[in-house]
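Protein chains in written order, with the working numbering: chain A, 261 to 773; chain B, 15 to 370.
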């Protein structure tokens with residue numbers, strides 16, 4: 261007897277349909293799974309066998325052949341367990357009727373017949389809906405993740421027995437599909453975050469971060485240890501515009517595939533903030549590897565990638581950021597496959613000005629030699645510097661300032677201005693692919709950043725008297741555009757240019773030791 | 015170039031001490047480099063090893079060729095025997111017998127002030143050095159220094175910034191400028207000022223060559239200005255030489271808690287140096303016309319005036335300015351940049367600003 265059951269696999273962050281075919285023939289007892297499965301798939305046979313027996317069903321001693329089609333795609337992970345079990349039960353006619361054929365089955369089985377959570381449920385559901393599938397059976401643990409998919413009939417079970425009862429109509433109470441949830445309702449219960457209100461002083465850095473948030477610019481913070489760079493960065497995600505539902509789905513998809521999703525919540529409502537340590541390997545940052553998972557930069561998609569102590573990261577690691585910073589995605593080519601993960605993030609990096617960290621600090625003296633300082637600064641290559649629009653210096657604040665009664669602006673107030681500026685940009689870029697000033701192309705810059713004569717004169721003066729490098733020119737224009745948007749000005753004015761220039765600290769010669 | 019001078023070039027390649035060089039020049043006539051090198055006269059002064067080394071490496075065509083190449087690439091070779099040897103150095107006890115120069119030799123005749131000090135100046139040191147070197151250069155004094163990091167570099171750049179004249183005396187050959195990051199600066203100085211060294215172009219700097227060249231810095235100058243230096247600094251050598259040669263000493267007083275101000279403060283305390291607090295002190299000392307301060311033709315707006323007023327009390331950081339002027343951060347940022355572009359203030363590391 262032969263049965264066919266639908267399931268889904270994952271490649272990158274997209275699902276693909278898998279057909280689980282079960283054939284039972286006479287002869288010597290055997291259990292084979294074919295179809296390019298990894299070890300987890302091969303081991304399914306033992307889990308499935310026990311799960312079927314322990315759920316009170318028969319597992320006749322026969323020759324089983326399971327084929328996972330298409331046979332040329334790699335299948336990874338235990339999510340086919342449930343499909344295989346249903347296939348066997350159908351082939352042995354322990355499931356009546358053929359209604360199971362309309363469903364997709366996802367789930368790992370434990371030996372006692374419990375259905376356990378799997379990763380990648382959301383991307384699979386999105387792909388399945390696109391392919392025209394309507395009905396799904398999935399683990400109860402993954403139910404929250406599935407609540408945001410409309411237009412599908414989704415059932416969640418925690419036991420294999422319940423699934424079979426559902427198809428055989430043996431349930432005491434009728435099983436209902438899960439209730440969809442509204443994204444907006446979930447967003448309201450956002451967690452406590454660090455607030456700019458708690459950061460004393462640092463007016464310049466806060467302003468720089470506000471501009472960065474408004475225009476999607478990458479930021480580099482330079483300052484001695486203990487000056488609050490990390491704290492400022494942590495507050496940064498709080499002033500970014502809210503995730504839209506589409507963005508949230510995309511972020512959730514990536515986190516679901518990586519198995520990093522908070523299953524009790526099901527969807528990610530806040531912009532991710534990722535802080536990989538500087539000992540991280542290249543693969544952990546870019547993604548890929550044996551079990552092809554998205555890396556840190558993809559997990560930071562639509563959010564913030566914070567690299568603390570920037571020069572401590574290995575040179576090759578920093579250089580791998582070049583493509584994603586430019587294109588917003590990363591393509592990982594490995595022996596078996598080439599996968600593209602989205603990776604459109606805002607880079608927030610922080611560094612000390614020198615190895616000991618005190619160069620330029622008011623209250624401490626630097627003990628580094630000029631050569632050491634130059635070496636330290638040159639660890640960040642020009643091309644990477646080119647992709648960082650805003651460089652801002654942060655210095656220690658005094659005890660008096662720390663305990664001052666002065667009230668600082670809260671993140672919510674800053675966010676209001678950021679939202680306004682973003683709205684202007686969405687309007688400006690509605691017919692193009694990018695959506696922020698930071699990603700403007702050269703023709704777009706020509707079109708959207710016209711400079712008055714006065715502005716041009718200022719630029720020229722600045723270049724000669726402050727000795728800016730040529731690469732600073734475009735960065736200054738982009739940042740000036742964002743500043744103008746924040747002020748609600750249609751044209752870039754001289755004061756916007758002047759402010760933008762102040763964020764090019766590292767291009768300046770005074771940094772030369 | 016005479017054969018005797020050529021022999022000096024040869025000796026400078028092999029690090030023969032100045033004393034021995036002087037002796038050879040004084041005692042012997044040299045008709046031909048080759049004959050002299052392989053003759054017996056040399057053995058009276060140089061050690062066997064030294065002679066052996068020189069003889070092994072000697073190649074007439076190569077020596078002549080390299081001298082020609084140097085001259086082609088704009089390097090002028092001054093020796094004690096030549097007419098254009100700087101008058102200021104002639105009577106020095108340990109004078110260099112040969113000088114490789116690139117640039118404007120007439121600067122050697124002009125009044126010059128050496129500006130020397132620590133390699134790692136504080137913000138105060140940076141600012142004062144730049145201010146002094148600019149004003150002194152503007153008034154016509156030649157700024158002399160050693161092309162090292164820190165004070166040296168700032169002094170040279172300051173002079174160049176105001177199209178003034180500067181002389182850099184390096185402790186290495188021209189092809190191996192130390193620190194290498196100043197190679198570009200050395201080229202600029204060779205073009206607009208004078209670059210000089212007592213070592214041949216291919217000579218790589220050694221530890222002893224830096225204090226050694228300080229005697230030339232001191233010798234060439236009429237006065238030595240020390241903005242910032244510690245007791246262990248190489249500047250101590252320059253000071254010693256300058257006092258020995260009877261040059262004028264100037265020191266800028268500094269914070270007594272700052273180790274970088276130890277030397278200038280000490281010099282002032284022990285009356286070894288003139289205490290100077292403004293560039294005009296030195297300019298007037300030499301009887302030069304202190305150029306009237308440039309009229310600031312900029313009209314400042316209200317905010318800018320407020321900032322300038324606060325900065326008059328010394329350098330301040332961004333947060334302090336923001337808090338005390340009550341100017342919104344975005345306006346403050348743009349005001350500071352505009353003031354800086356106009357050259358009225360200076361930005362220092364760590365968001366600190368000061369009047370320039």
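In this text, a Cβ means the ideal position worked out from N, Cα and C, and glycines have one as well.
Self-check item: chain A within 8 Å of residue 173 (chain B), Cβ atoms only
Solution: no
Quiz item: What residues in the segment 718-735 of chain A bring their beta carbon closer than 8 Å to a beta carbon of chain B?
Solution: 718, 721, 722, 725, 726
Quiz item: How about residue 268 (chain A) and residue 384 (chain A): do their beta carbons lie closer than 8 Å?
Solution: Judged by beta-carbon spacing, residue 384 (chain A) lies within the 8 Å limit of residue 268 (chain A), meaning their Cβ atoms are closer than that value.
Quiz item: Is the beta carbon of residue 110 (chain B) less than 8 Å from the beta carbon of residue 212 (chain B)?
Solution: yes
Quiz item: residue 370 (chain B): which of B:191, B:143, B:21, B:69 sits nearest, CA to CA?
Solution: B:143
Quiz item: Excluding five sequence neighbours on each side, which residues of the same chain lie with their C-beta closer than 6 Å to the C-beta of residue 513 (chain A)?
Solution: 273, 382, 383
Quiz item: Got a sec: is the Cβ-Cβ distance from residue 619 (chain A) to anything in chain B below 8 Å?
Solution: Taking Cβ atoms only, chain B reaches closer than 8 Å to residue 619 (chain A), which makes this a yes.
Quiz item: By Cβ distance, which residues of its chain are closer than 7 Å to residue 165 (chain B), with the 5 residues on each side in sequence left out?
Solution: 129, 130, 131, 132, 135, 139, 143, 241, 242
Self-check item: Cross-chain neighbours of residue 350 (chain B) in chain A, by beta carbon under 7 Å
Solution: 762
Exercise. Excluding the 5 residues preceding and the 5 following residue 332 (chain B) in the sequence, name in chain order all residues of the same chain whose CB lies nearer than 6 Å to its CB.
Key: 365
Quiz item: Which parts of the segment 88-172 of chain B are runs of the alpha helix (DSSP H), unbroken and 4 residues or longer, counting only runs that do not cross its ends?
Solution: 101-104, 137-152
Quiz prompt | Within chain B, partners of residue 655 (chain A) - CB distance below 7 Å | solution = 331, 364, 365
Exercise. Please state if the CB of residue 722 (chain A) and the CB of residue 359 (chain B) are separated by a distance shorter than 8 Å.
Key: Not closer than 8 Å, so no.
Practice problem: Can you check the segment 439-495 of chain A for any alpha helix (DSSP H) of at least 4 residues that lies completely inside it and give the ranges in chain order? | Solution: 443-448, 463-475
Quiz item: Shorter than 8 Å from the beta carbon of residue 163 (chain B) to some beta carbon of chain A?
Solution: yes
Quiz item: Whose C-beta lies closer than 7 Å to the C-beta of residue 224 (chain B) among residues of the same chain, with five residues either side of it excluded?
Solution: 185, 248
Quiz item: Residues of chain B with CB under 8 Å from residue 483 (chain A), in chain order?
Solution: 364
Quiz prompt | Beta-carbon gap between residue 378 (chain A) and residue 339 (chain A) smaller than 8 Å | solution = yes
Self-check item: Other residues of its chain near residue 472 (chain A): CB distance less than 8 Å, five sequence neighbours each side excluded
Solution: Within the same chain, residue 472 (chain A) has close Cβ partners 478, 479, 496, 606, 608, 649, 650.
Quiz prompt | Contact set between the segment 118-141 of chain B and chain A, restricted to residues whose Cβ is under 9 Å from the partner | solution = 133, 134, 136, 137, 140
Exercise. Anything in the segment 464-492 of chain A with a Cβ closer than 8 Å to a Cβ of chain B? List those residues in chain order, please.
Key: 464, 466, 467, 483, 484
Quiz item: Can residue 323 (chain A) and residue 296 (chain A) be called in contact, C-beta distance under 8 Å?
Solution: Cβ distance not < 8 Å, so residue 323 (chain A) and residue 296 (chain A) don't count as in contact.
Quiz item: What residue ranges within the segment 546-578 of chain A form continuous beta strand (DSSP E) runs of no fewer than 3 residues, ordered along the chain?
Solution: 564-567
Quiz prompt | Under 8 Å by beta carbon: chain C residues contacting residue 631 (chain A) | solution = In the displayed structure, chain C is absent; the protein chains listed are A and B.
Quiz item: DSSP on residue 275 (chain A), reduced to helix/strand/coil?
Solution: strand
Quiz item: When you compare each of A:405, A:432, A:663 to residue 524 (chain A) by their alpha carbons, which one comes out closest?
Solution: A:405
Quiz item: Between residue 168 (chain B) and residue 200 (chain B), which are expected to be in contact by the criterion C-beta below 8 Å, what is the C-beta distance as a whole number of angstroms?
Solution: Wrong, their Cβ atoms sit about 15 Å apart, outside the cutoff.
Self-check item: Check whether residue 619 (chain A) and residue 193 (chain B) have beta carbons under 8 Å apart
Solution: The answer is no: Cβ separation not under 8 Å.
Quiz prompt | Burial state of residue 261 (chain A), where buried means 16 or more other Cβ atoms lie within 10 Å | solution = exposed
Self-check item: residue 341 (chain A) classed as buried or exposed, judged by whether at least 16 other C-beta atoms fall within 10 angstroms
Solution: buried
Self-check item: Where the beta strand (DSSP E) through residue 300 (chain B) begins and ends
Solution: Neither: residue 300 (chain B) is in no beta strand (DSSP E) and is coded neither H nor E.
Quiz item: Taking Cβ positions, are residue 746 (chain A) and residue 681 (chain A) nearer each other than 8 Å?
Solution: Residue 746 (chain A) is a Cβ neighbour of residue 681 (chain A), given a cutoff of 8 Å.
Quiz item: How about residue 835 (chain A) and residue 428 (chain A): are their beta carbons less than 8 Å apart?
Solution: Limits of chain A in this structure are 261 at one end and 773 at the other, which puts residue 835 (chain A) out of reach.
Quiz item: Hey, would you say residue 582 (chain A) sits closer than 8 Å to residue 548 (chain A), going by beta carbons?
Solution: no
Quiz prompt | Chain-order list of residues whose beta-carbon lies under 7 Å from that of residue 653 (chain A) (same chain, five-residue window excluded) | solution = 482, 483, 765
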